Ligand SMILES: [Zn+2]
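In the working numbering, the protein residues as written are 90 to 382.
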């Protein structure tokens with residue numbers, strides 16, 4: 090874990106190398122309160138994150154916002170509430186979190202979740218908002234439609250040009266589209282590109298400069314998924330092998346098959362079946378993925 094100081098008021102909390110359930114978070118210091126962007130996968134990891142926030146922010150009230158409902162980003166929400174903080178999210182993210190926790194035991198083996206019972210998030214973010222933290226303003230930008238998930242949220246710190254993109258950006262790690270829409274994700278990347286910013290904190294991987302090669306490569310990969318699945322001679326196995334060669338520098342390559350299943354469904358005008366996505370991915374790993382969290 091690394092706390093990267095991005096500006097006098099903004100921090101990124103980075104978990105390397107950023108693979109399964111090792112996500113980034115961050116926070117913004119105001120004079121009255123601190124805005125936390127995302128939590129972590131396990132109770133213990135989220136506790137360490139909140140300890141780091143307290144060490145930096147003192148006893149200022151914590152307002153946490155969740156960029157999306159995936160467990161790595163959202164499982165610590167309970168702890169935020171337990172420690173007296175508030176949690177906000179878009180309506181779909183709030184509903185998905187509340188119906189969890191989603192640990193997918195058929196796909197992942199993990200014995201260290203701790204207590205990740207989700208809270209009921211009632212204060213939702215339904216439209217673009219500006220939040221005043223006291224001498225520091227932060228913008229909350231819900232993404233329209235389905236992108237990485239249904240209910241993604243972008244957080245912008247205009248004063249220092251930081252964008253917290255959540256899992257709309259992966260760097261050095263294969264993106265995961267299993268809960269989302271490839272074309273919707275491409276539209277969300279356009280939305281990010283239109284935001285004036287100087288740096289971007291991805292959901293997984295290192296902090297990036299604005300308009301980085303990594304984001305361009307992510308867009309190229311998402312377009313490749315749709316183009317490849319639409320090709321008349323499409324063969325999923327061959328495409329998985331090709332992706333593994335072209336993006337060999339990304340970890341978690343077992344996600345290529347899952348992403349292709351999502352693209353195939355999308356071209357049929359459907360959402361992918363989670364069971365099929367999981368089956369294709371676990372065929373690549375040879376069984377459930379053991380998490381060391
Ligand atoms: Zn995610």
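Just so you know, even glycine gets a beta-carbon here, dropped at the ideal spot from N, CA and C.
The structure displayed is predicted, hence computed values, not measured ones.
Where does residue i fall in DSSP's three states?
i, result
"residue 379", "strand"
"residue 180", "helix"
"residue 140", "helix"
"residue 115", "strand"
"residue 96", "coil"
"residue 148", "coil"
"residue 243", "strand"
"residue 188", "coil"
"residue 268", "coil"
"residue 369", "helix"
"residue 296", "coil"
If we call anything under 7 Å between Cβ atoms a contact, is residue i one with residue j?
i, j, result
"residue 260", "residue 297", "yes"
"residue 227", "residue 117", "yes"
"residue 373", "residue 341", "no"
"residue 327", "residue 317", "no"
"residue 207", "residue 190", "yes"
"residue 345", "residue 332", "yes"
"residue 185", "residue 158", "yes"
"residue 242", "residue 156", "yes"
Over the uninterrupted beta strand (DSSP E) stretch that includes residue i, give me the two end residues.
i, result
"residue 153", "151 to 154"
"residue 227", "226 to 231"
"residue 288", "288 to 293"
"residue 219", "218 to 221"
"residue 126", "123 to 126"
If I follow the unbroken alpha helix (DSSP H) through residue i, where does it start and stop?
i, result
"residue 313", "302 to 319"
"residue 280", "271 to 282"
"residue 346", "344 to 356"
"residue 161", "160 to 163"
"residue 335", "325 to 335"
Measuring alpha carbon to alpha carbon, tell me which residue in the options is nearest residue i.
i, options, result
"residue 213", "202, 224, 183, 222", "183"
"residue 283", "115, 250, 319, 262", "250"
"residue 112", "148, 253, 167", "253"
"residue 240", "274, 263, 223", "274"
"residue 219", "180, 154, 200", "154"
Starting from residue i, follow its DSSP beta bridges and name the residues at the other end.
i, result
"residue 103", "91"
"residue 257", "Paired residues: none, contrary to the question."
"residue 197", "378"
"residue 175", "152"
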